[in-house]
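Colleague: Chains as they are written, first to last, in numbering that gives the first Met the number 0: chain A, 0 to 262; chain B, 0 to 795. Virtual Cβ for every residue (Gly too), placed ideally from N, Cα, C. Provided herewith is a single structure, encoded as structure tokens, for subsequent inquiry.
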Amino acid sequence: MYAFTYQRPTTLADAAAAIQAEDAKLLGGGQTLLPTLKQRLARPTDLIDLGAIPELKGIREADGGLEIGAFTRHAEVAHSDLVKRVIPALSSLAEGIGDRQVRNMGTMGGSIANADPSADYPSAVVALKATVTTDRRSIAGDDFFTGMFETALEPGEIIKSVRFSRPDKAAYAKFRNPASRYAIVGVFVAKFGSEVRVAVTGAAGSVFRAEAFETALVADFRAEALNGLSVGSDGLNADIHASADYRAHLVTVMAKRAVEAAG
Amino acid sequence: MANPNGIGASVRRREDQRFLTGRGNYTDDFKRPNMTHAVHVRSPYAHARILGIDFTDALAIPGVVAVLTGADMEADKVGSLPCGWQIHSKDGSPMKEPPHYPLARDRVRYVGDAVAVVIAETREQARDAAEMVVVDYEELPAVGSSTRAIAGGAPLVHDDAPDNVCYDWHLGDQAAVDAAFANAAHVAKIDLVNQRLVPNAMEPRAAMGEYDQSTGEYTLTTTSQNPHVTRLLMGAFVLGIPEHKLRVVAPDVGGGFGSKIFHYGEEAVVTWAARKVGRPVKWTADRSESFLTDAHGRDHVSHAELAMDADGNFLALRVSTLANLGAYLSTFAPSIPTYLYATLLAGQYKTPAIYAEVKAVFTNTAPVDAYRGAGRPEACYLIERLVDVAAGVMGMDKTEIRRRNFVPKEAMPYQTPVALQYDTGDFAKNLDIALPLVDYPGFQQRRAESKARGKLRGIGFATYIEACGIAPSNVAGALGARAGLYECAEVRFHPTGSVTVFTGSHSHGQGHETTFAQIVAERFGIPIENVEIVHGDTNKIPFGMGTYGSRSLAVGGSALVKAMDKVERKAKKIAAHMLEAAETDIEVKDGRFTVAGTDKSLGIGEIALQAYVPHNFPLDELEPGLDEQAFYDPKNFTYPNGCHVCELEIDPDTGVTTIVSFAAVDDFGNVINPLIVEGQVHGGLVQGIGQALYENCVYDEESGQLVTGSYMDYCMPRADDVPSFTVRYHEDQPCTHNPLGVKGCGEAGTIGAAAAVMNAVVDALSEYGVTHMDMPATPEKVWRTIRDATPAIAAE
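Below, the structure is given as structure tokens:
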């Protein structure tokens, strides 16, 4: 990696000040950024480590749902009794991210700020009607992801926490890339009363909702309700691991599995 | 009394203590005063002409000591990396052997080809400077695959290798095969690809060069499986350093799988550069460099046909293979798709006539050489896939067609039509042990149960035979080997009875420090703690050919036995003298030397003391000391063999394959340490499963860019991808021509596993009319195969 100045602020205000430096980068768990630096694919002047800021940590029950600090590691979400009780689907999603090493380092804020198209959390943010709270404002989960590796965050804006609504039923089904273990396709299905959300990650440049699936599931919340439905392969990702039409097929398969798992 | 740590005991690996506590000493762990760091400037193009190299800006980077290029090497008369095996084509002409310089001179021929080396005070400074080296390339059209290499009008990788052909070789009796096909009742055919793999040793390659101006001695510390071979090749052919002025040390090495057999350019670069800059120079590959520049494995495209009579007896086998050797000849590359592949095409079967043609070609890809199994997995995969197709053609059970064609135990020793003579083997017995392990009769019921759950279940068999301990030297020499294939050992008793063994076999995961010590402990009746195994240093070891081809125990272990024989003979003389008896009256058992019919005896420790404190020694008859050396050149290959059975389930909705069970029954001859053998089998199986289901090295055919250059895209098998294995071996068929009766176990798992898995995949898909699928059986490939075979069912 290239040389940079490492900073480890202990307050959000200090972090917000530090990130104003030219070409400074925020460091969460570093699961994408550090390999990028090691390969010399990025050259930040400053690295602002968010790991020493207490207000970015912790998992709380809030408004019947959950508020999870941005610097909460995947393993903490996976193993939290509170998460298991309130939104078990979120816990099992976290347990399936990467591998043990990744889960012990990676953070929720880091994951959603990076907005990798094959990351798992974006599907939960959208399906669970989340609100992303930053040091400047609140952003609706539906508006947060704007494209491949793109979010609504402004330069220097720091995620404080993510607030998830508690669904009646929910489950996440993932078809993982056998090499990287990112999602080739991940489908998060959540039912809130008469509303159903189906959020798809991995398949396209950014997380999206499968509206036809949602409509079908509102009418009949069973896997069979999705028979014959497809998101279509137009605009889906294609790489050496999965073509677009295979991804489209997997979206339906994983959506059905998520519905079955949600019960 | 049996030695608790002797032959047959599952002694835990003594070396693991230091490995597991982070106290191993790997090449990159070595630090020297004044040491510098090297980083290579590598070609981003698969094929380009070097028009110029400007490193003015690189020299200005703080800490940079030197920037050296191919021109500097040329000025110093540095030679080409030599190839250790010469193949002759059908027409008698020698293979094309274009030069392979450690630093490219006028052209680069694969992505990663080294162009220059930057030497600096720190590694990061060297990397900074390497980025500032400006190489002016004229990009040339590239050849990214073997099939493209032989397509008409393909660009030439080497101007003096027309049609990109290195050699066009054959083996066997073509006329006999043609005649047998003319009279065949049935013919089974297959076209298959044995895909390219990246070896992925856990420790990346590394090398440190040192030069002592006062003595004129060079030292190379390197990640090598065979330091003496590197010393010979680099010293004699590349740098012109005589052996007595060149020490090569291969300390702890974190896995090789074949990829660290070869002499690589970086080793020559750091050794040469150490003298040029007057300081030690260390280079350590990062993982990206490992992907690009470690010699890869496999990469065959084959067509094969099997002729049978009306009863399914094999009459003849015809094989045509296109082998990709990459951009340059790696050290043993030419031998892999020829003498380590075609000679194994008889497999376990008594097929009377076999003819194989192998065309080996250059491409703009990383060199291809031995990778765990090295030719033998390719042979096994081809035969065993073809035999399954043959079973389909005949409508026979897959175990029955194999059993019918096995070389019977009674036919041993058996001369195959492809040059080898199998010494021992009871192939039917392997199958007999395997079938109950997997409850073969219950398979149809399990398949039905899977189907009820919407899953497709398959079972696959693979029988394999391999040839290990490549030898004897005279035969190998006649076939083109430019090296001897013996091994050396020295057994040094110290005055107080402890022993140091110096072995030419190198251990980089095999556990020699344990197994070799067990052999010595057993022979001399001494505690294993009193035996030290030393390897991997040309200044300590008399000589050595190193570790490859599952040869260490069969060849290195035999050399050890020979050296112990010599020690015992001398000890007997000393004992006779001390006990005042005739030498012929001394009986030896477990390290005790007894005068026959008396209670007068001496232990080996007492004899050793006497040997070094010869106060009462007949010096005119007996030299002091107890330290003997032996070279062992094998009489034949050894032939490990076995039967692997894989059962798996496919999810037709996603195409995901899950291995349900895997049983491996092996005949490794006598077993020294069952625990280590089982571990070797486990690792081998996982690598074979990796090839069958996950691993695939992909180059872009036209640009020659490596597509799978990281673990994001190159899929390694992981612990949760494989089942718990059922591993069995039997010792009924020990090798008849080496003193330990051992055959070798290092590669067996890899050789059988890929075929067993793929036969099971195809079996699971058989209801869709599938008769073959190329590896790896990725989810999408399986899903697409199912979908394309069932057009009537909506894809949903």
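#1: Spatial neighbours of asparagine 538 of chain B within its chain, please: CB distance less than 8 Å, with the 5 preceding and 5 following residues excluded, ordered by chain position.
#2: Check the Cβ of cysteine 714 of chain B against every Cβ in chain A and list those closer than 9 Å, keeping chain order.
#3: With 16 other CB atoms within 10 Å as the buried threshold, where does glutamine 517 of chain B fall?
#4: Figure out for me which residue from A:Gly68, A:Lys83, A:Arg102 and A:Glu75 has the closest Cα to the Cα of threonine 133 of chain A.
#5: Suppose contacts are defined by Cβ-Cβ distances below 9 Å. Is glycine 457 of chain B in contact with alanine 187 of chain B by that definition?
#6: Does alanine 260 of chain A come out as helix, strand or coil in the three-state DSSP assignment?
#7: Could you check where the alpha helix (DSSP H) with glutamine 443 of chain B kicks off and where it finishes?
#8: For glutamine 38 of chain A, decide whether its Cβ has a neighbour in chain B, counting only Cβ atoms nearer than 9 Å.
#9: What residue range is occupied by the uninterrupted alpha helix (DSSP H) comprising leucine 436 of chain B?
#10: Measure the alpha-carbon distance for methionine 0 of chain A versus arginine 22 of chain B and round it to whole angstroms.
#11: Please identify, using Cβ separations under 8 Å, the residues of the stretch 696 to 707 of chain B that lie next to chain A, in order along the chain.
#12: What number of angstroms, rounded off, separates the C-alpha of proline 722 of chain B from the C-alpha of leucine 625 of chain B?
#13: Determine whether the beta carbon atoms of glycine 257 of chain B and tyrosine 463 of chain B lie at a separation below 9 Å.
#14: Applying the 10 Å Cβ sphere with the 16-neighbour rule, what's the burial state of arginine 72 of chain A?
#15: Residues of the stretch 240 to 256 of chain A in Cβ contact with chain B at a cutoff of 8 Å, in chain order, please.
#16: Pull out every residue of the stretch 639 to 668 of chain B whose Cβ sits closer than 7 Å to any Cβ of chain A, in chain order.
#17: Return the first residue and the last residue of the beta strand (DSSP E) that cysteine 642 of chain B is part of.
#18: Exposed or buried, what is aspartate 422 of chain B when buried is set at 16 or more other beta-carbons lying within 10 Å of its beta-carbon?
#19: With a cut-off of 8 Å on the beta carbons, I'd call aspartate 665 of chain B and valine 685 of chain B a contact; round off their distance for me.
#20: Report the rounded CA-to-CA distance for lysine 281 of chain B versus methionine 34 of chain B, giving the unit in angstroms.
#21: For chain A, find out if any of its Cβ atoms is closer than 9 Å to the Cβ of alanine 791 of chain B; answer yes or no.
#22: At least one CB of chain B closer than 9 Å to the CB of tyrosine 266 of chain A: is that the case?
#23: Just reading off the alpha helix (DSSP H) that aspartate 135 of chain B is part of, what are its end residues?
#24: Taking any Cβ of chain A, which residues in the stretch 754 to 784 of chain B have a Cβ under 8 Å from it, in chain order?
#25: Based on the DSSP output, what are the partners of alanine 800 of chain B in its beta bridges?
#26: Note the first and the last residue of the continuous alpha helix (DSSP H) segment covering glutamine 38 of chain A.
#27: Nearest to arginine 384 of chain B by CA position, among B:Tyr638, B:Met774 and B:Thr222, is which residue?
#28: What residue from B:Thr656, B:Val132, B:Tyr638 and B:Trp84 has the CA that sits closest to valine 761 of chain B's CA?
#29: Taking 9 Å as the cut-off, decide whether the C-beta atoms of phenylalanine 616 of chain B and isoleucine 603 of chain B are in contact.
#30: Could you spell out where the beta strand (DSSP E) holding serine 137 of chain A opens and where it closes?
#31: Specify the secondary structure class of leucine 81 of chain A as computed by DSSP and reduced to three states.
#32: Evaluate contact between the stretch 221 to 241 of chain B and the stretch 543 to 557 of chain B, counting only Cβ atoms and requiring at least three cross-stretch pairs below 8 Å.
#33: State the beta-bridge partners of glutamate 304 of chain B as determined by DSSP.
#34: Does the Cβ-Cβ distance between isoleucine 750 of chain B and glycine 689 of chain B come in under 9 Å?
#35: Taking the DSSP output, what are the residues bridged to glycine 76 of chain B?
#36: Does the count of Cβ pairs from the stretch 289 to 301 of chain B and the stretch 169 to 186 of chain B closer than 8 Å reach three?
Modeller: Reading it off the structure:
#1: Excluding sequence neighbours, asparagine 538 of chain B sits near Arg246 and Val248.
#2: Within 9 Å Cβ-Cβ: Asn176, Pro177, Ala178, Ser179 and His240.
#3: buried
#4: A:Gly68
#5: no
#6: It is helical.
#7: 442 to 451
#8: yes
#9: 426 to 436
#10: Linking methionine 0 of chain A to arginine 22 of chain B through their CA atoms gives a straight-line distance of about 27 Å.
#11: Val697, Val706 and Thr707
#12: 49 Å
#13: no
#14: buried
#15: His240, Ala241, Ser242, Tyr245, His248, Leu249, Thr251 and Val252
#16: Asp652 and Thr653
#17: DSSP places cysteine 642 of chain B inside the beta strand (DSSP E), whose first and last residues are 640 to 650.
#18: buried
#19: At roughly 15 Å, the Cβ-Cβ gap does not stay under 8 Å, so aspartate 665 of chain B and valine 685 of chain B are not in contact.
#20: 7 Å
#21: With a pLDDT of only 44 at alanine 791 of chain B, under the threshold of 50, the placement of this residue in the model should not be trusted; the figure read from the coordinates follows. Taking Cβ atoms only, chain A never reaches closer than 9 Å to alanine 791 of chain B, which makes this a no.
#22: Nothing about residue 266 of chain A can be read from this structure; chain A reaches only from 0 to 262.
#23: Run containing aspartate 135 of chain B: none in the alpha helix (DSSP H); it sits in the beta strand (DSSP E), 133 to 138.
#24: Thr777, Pro778, Glu779, Trp782 and Arg783
#25: One cannot answer for residue 800 of chain B here, as it falls past the ends of chain B, which runs 0 to 795.
#26: Segment: none, glutamine 38 of chain A is in no alpha helix (DSSP H) and carries neither H nor E.
#27: B:Met774
#28: B:Thr656
#29: no
#30: 137 to 139
#31: helix
#32: yes
#33: B:Lys188 and B:Arg317
#34: Their beta carbons are not under 9 Å apart, which means isoleucine 750 of chain B does not touch glycine 689 of chain B by this criterion.
#35: In the sequence as presented, glycine is not what sits at residue 76 of chain B; that position holds lysine. According to DSSP, which records beta bridges pairwise, lysine 76 of chain B is partnered with nothing at all.
#36: no
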